[in-house]
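Following: one structure in structure tokens, then a few remarks.
In the numbering used here, the protein residues as written are 2 to 327.
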């Protein structure tokens, strides 16, 4: 599934045995029968959601000719699912919403300036990656406007890989990290995500926004998620700019699992410990030298990010919640 738009699903159909084949050119697609097919969801699937990245089974007219429509009759088992919870402004009691299926890597795109980085939002996206069992990576843009050192140091205890990009700079390192993988790009509006997509996929033609000089925010230019094939192999899934990322569906245990050096120290915690209170045994565990203080600080920062739904800037301004990506 490469695009979803108002009940219409655009699928890339490959001949049997061709999945994962590196694309050469469009003439090669024609020769092998590789094509895009527009479909609708079969009634028997009921309310089952279908999102970009899903692998599905189609019936009906799968020729891909104009004005034809196939039916999606089955969604194959997913290897991963990036999810968010609807936040309080949605009045939906934290219901889960699928964002992207079968991604292998979450590329968190954040500008170092204009707009400034928002660590709390980055924290929430990292938690979502841990929950989905997707490898996270930071992509720090606009390094020509501000140095990356402080932000890099903040996430060093988590061991999250990162790339630093400046205007007009080369993207070789980023290209190498997304090559032959399915990567989903997320980030605030105005951080340069669409510019990156257009550079990585020259025929993508994703609209580029500008940051509002008064509010310091970009406007949404992408309105739905779309999967784009990389010329060198692999896929990137571009998503709309986000302003909130609900995590009501993520448990404390899921976040803690990302910190194996701290897990054993929770044995002496009181029942139902949130690891944010004075009664938490992790302080003694770290004091005894079993783990570093920076790791515990990072854990607690991520756990705290589960509370509420808005990042600091949104809480002050009342910005719009995350658009519906599915």
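Just so it is clear, CB atoms sit at the ideal spot from N, CA and C, and this is done for glycine as well.
request  = Would you mind listing the beta strand (DSSP E) stretches within the stretch 71-121 that are 3+ residues and don't spill past its ends, in chain order?
outcome  = 71-76, 82-86, 97-102, 106-112
inquiry  = Which residue marks the beginning of the alpha helix (DSSP H) containing residue 11, and which one marks its end?
reply    = In the chain shown, residue 11 corresponds to position 10, counting from 1. From DSSP, residue 11 is part of no alpha helix (DSSP H) but of the beta strand (DSSP E) over 9-14.
query = For residue 212, which three-state DSSP category applies?
reply = Indexing the chain shown from 1 puts residue 212 at position 211. Residue placement at residue 212 is flagged as unreliable, the pLDDT there being 43, under the threshold of 50; the coordinate-derived value follows with that caveat. Residue 212 falls in the strand class under three-state DSSP.
inquiry  = So, under 8 Å CB-CB, residue 300 and residue 263 are touching, yes? Tell me the CB distance rounded to an integer number of Å.
reply    = Along the chain shown, one-based indexing puts residue 300 at 299. Along the chain shown, one-based indexing puts residue 263 at 262. Confirmed, about 6 Å.
query = Buried or exposed: where does residue 188 fall if 16 or more other Cβ atoms within 10 Å of its Cβ makes it buried?
reply = Start at 1 with the first residue of the chain shown, and residue 188 comes out as number 187. Flag for residue 188 reads buried.
task = Using 10 angstroms around the beta-carbon of residue 73, count the other beta-carbons present and answer buried if the total reaches 16, otherwise exposed.
result = Here residue 73 corresponds to residue number 72 of the chain shown, with the count starting at 1. Result: buried.
inquiry  = With the cut-off set at 8 Å, would you say residue 179 and residue 229 are in Cβ contact?
reply    = Numbered from 1 along the chain shown, position 178 holds the residue referred to as residue 179. Numbered from 1 along the chain shown, position 228 holds the residue referred to as residue 229. No. Outside cutoff.
task = Let me know if residue 64 comes out buried or exposed under the rule of 16 or more other beta-carbons within 10 Å of its beta-carbon.
result = Position 63 of the chain shown, counted from the first residue, corresponds to residue 64. That one is exposed.
request  = Give the DSSP-derived three-state secondary structure of residue 36 in the structure shown.
outcome  = By 1-based counting over the chain shown, the position of residue 36 is 35. In the structure shown, residue 36 sits in a strand (DSSP, three-state: E or B).
task = Could you check which residue in 57, 199, 193, 37 has the C-alpha nearest to that of residue 112?
result = Taking the first residue of the chain shown as position 1, residue 112 is located at position 111. Looking from the CA of residue 112, the closest CA among 57, 199, 193, 37 belongs to 193.
DSSP bridge partner residues for residue 68 (one or two, in chain order) = Taking the first residue of the chain shown as 1, we reach residue 68 at position 67. Answer by DSSP bridge pairing: none, since residue 68 is not bridged.
task = State the DSSP-derived secondary structure class of residue 150, mapped to helix, strand or coil.
result = By 1-based counting over the chain shown, the position of residue 150 is 149. If DSSP states are grouped into helix, strand and coil, residue 150 belongs with the helices.
query = Does the beta-carbon of residue 226 have 16 or more other beta-carbons within 10 angstroms, so that it is buried, or is it exposed?
reply = As a first step, residue 226 must be located in the chain shown, where it is residue number 225. Counting Cβ neighbours within 10 Å, residue 226 comes out buried, since at least 16 surround it.
inquiry  = Going by DSSP, what residue range makes up the beta strand (DSSP E) through residue 6?
reply    = Locating residue 6 in the chain shown gives position 5, where the first residue counts as 1. Taken as a continuous stretch (DSSP letters only), the beta strand (DSSP E) holding residue 6 covers 4-6.
task = Along the beta strand (DSSP E) that carries residue 141, what are the first and last residues, could you check?
result = Along the chain shown, one-based indexing puts residue 141 at 140. That run of the beta strand (DSSP E) goes 136-142.
message = For residue 67, count the other beta carbons within 10 Å of its own beta carbon; 16 or more makes it buried, fewer makes it exposed. Which is it?
response = Against the chain shown, residue 67 aligns to sequence position 66. Flag for residue 67 reads exposed.
query = Hey, how far is the Cα of residue 215 from the Cα of residue 252?
reply = Working through the chain shown from its first residue, we reach residue 215 at position 214. Working through the chain shown from its first residue, we reach residue 252 at position 251. Below a pLDDT of 50, predicted positions are generally treated as unreliable, and residue 215, at 36, falls in that range; the measurement from the model is reported next regardless. Computed Cα separation, rounded: 37 Å.
Chain-order list of residues whose beta-carbon lies under 6 Å from that of residue 166 (same chain, five-residue window excluded) = Here residue 166 is taken as the residue at index 165 of the chain shown, counted from 1. Excluding its 5 nearest sequence neighbours in each direction, residue 166 has C-beta neighbours in its own chain below 6 Å: 142, listed in chain order.
query = Is the Cβ-Cβ distance between residue 98 and residue 85 less than 8 Å?
reply = Indexing the chain shown from 1 puts residue 98 at position 97. Indexing the chain shown from 1 puts residue 85 at position 84. Going by C-beta atoms, residue 98 is nearer than 8 Å to residue 85.
inquiry  = With a threshold of 8 Å, are at least 3 pairs of Cβ atoms found where one atom belongs to the stretch 268-276 and the other to the stretch 112-123?
reply    = no
query = Contact check, residue 106 vs residue 184 under 8 Å by CB: the rounded distance?
reply = By 1-based counting over the chain shown, the position of residue 106 is 105. By 1-based counting over the chain shown, the position of residue 184 is 183. At roughly 4 Å, the Cβ-Cβ gap stays under 8 Å, so residue 106 and residue 184 are in contact.
Coarse secondary structure for residue 230, derived from DSSP in three states = In the chain shown, the residue the question calls residue 230 occupies position 229. Strand.
Presumed contact (8 Å Cβ cut-off) between residue 132 and residue 255, rounded CB distance = For the purposes of this step, residue 132 is taken as the residue at position 131 of the chain shown. For the purposes of this step, residue 255 is taken as the residue at position 254 of the chain shown. The Cβ separation is near 5 Å, so the contact holds.
query = For residue 258, which residues of its own chain have a beta-carbon under 8 Å away from its beta-carbon, when the five flanking residues on both sides are left out?
reply = Locating residue 258 in the chain shown gives position 257, counting from the first residue. If we look at residue 258 and ignore the five residues flanking it on each side, its Cβ neighbours are 131, 264.
message = Please report the distance separating the alpha-carbon of residue 239 from that of residue 70.
response = Along the chain shown, one-based indexing puts residue 239 at 238. Along the chain shown, one-based indexing puts residue 70 at 69. Distance between the alpha carbons of residue 239 and residue 70 is about 25 Å.
ask   = For residue 104 versus residue 135, is the C-beta spacing smaller than 8 Å?
value = Taking the chain shown and counting its residues from 1, one reaches residue 104 at position 103. Taking the chain shown and counting its residues from 1, one reaches residue 135 at position 134. A contact, by the Cβ cut-off of 8 Å.
key: For residue 129 and residue 283, the rounded distance between their alpha carbons   = As a working note, residue 283 is residue 282 in the chain shown. As a working note, residue 129 is residue 128 in the chain shown. Their Cα atoms are separated by approximately 23 Å.
key: Inter-residue spacing [alpha-carbon to alpha-carbon] between residue 14 and residue 35   = Within the chain shown, the letter at position 13 stands for residue 14. Within the chain shown, the letter at position 34 stands for residue 35. So the two alpha carbons sit approximately 6 Å from each other.
task = Output the distance between the C-alpha atoms of residue 49 and residue 55, rounded to the nearest integer angstrom.
result = Here the question's residue 49 lines up with position 48 in the chain shown. Here the question's residue 55 lines up with position 54 in the chain shown. C-alpha separation (whole angstroms): 12 Å.
request  = Report yes if the C-beta distance between residue 138 and residue 100 is below 8 Å; otherwise report no.
outcome  = Position 137 of the chain shown, counted from the start, is the residue given in the question as residue 138. Position 99 of the chain shown, counted from the start, is the residue given in the question as residue 100. No, the Cβ-Cβ distance between residue 138 and residue 100 is not below 8 Å.
query = Residue range of the alpha helix (DSSP H) that residue 195 falls in?
reply = Within the chain shown, the letter at position 194 stands for residue 195. Residue 195 -> alpha helix (DSSP H) spans 194-201.
inquiry  = Using C-beta distances below 7 Å, list every residue in its chain close to residue 25, excluding the 5 sequence neighbours before and after it, in chain order.
reply    = Looking up residue 25 in the chain shown gives position 24. Residue placement at residue 25 is poorly supported in this model, since its pLDDT is 49, which falls under 50; the coordinates still yield a value, given next. So no residue of the chain qualifies.
request  = Label residue 146 either buried or exposed according to how many other C-beta atoms from any shown protein chain fall within 10 Å of its C-beta, with 16 as the threshold for buried.
outcome  = The residue given as residue 146 occupies position 145 in the chain shown. By the neighbour-count rule (16 or more Cβ atoms within 10 Å), residue 146 is not buried but exposed.
ask   = Using a beta-carbon distance below 8 Å, is residue 168 in contact with chain B?
value = Absent from the structure: chain B. Only one protein chain is present.
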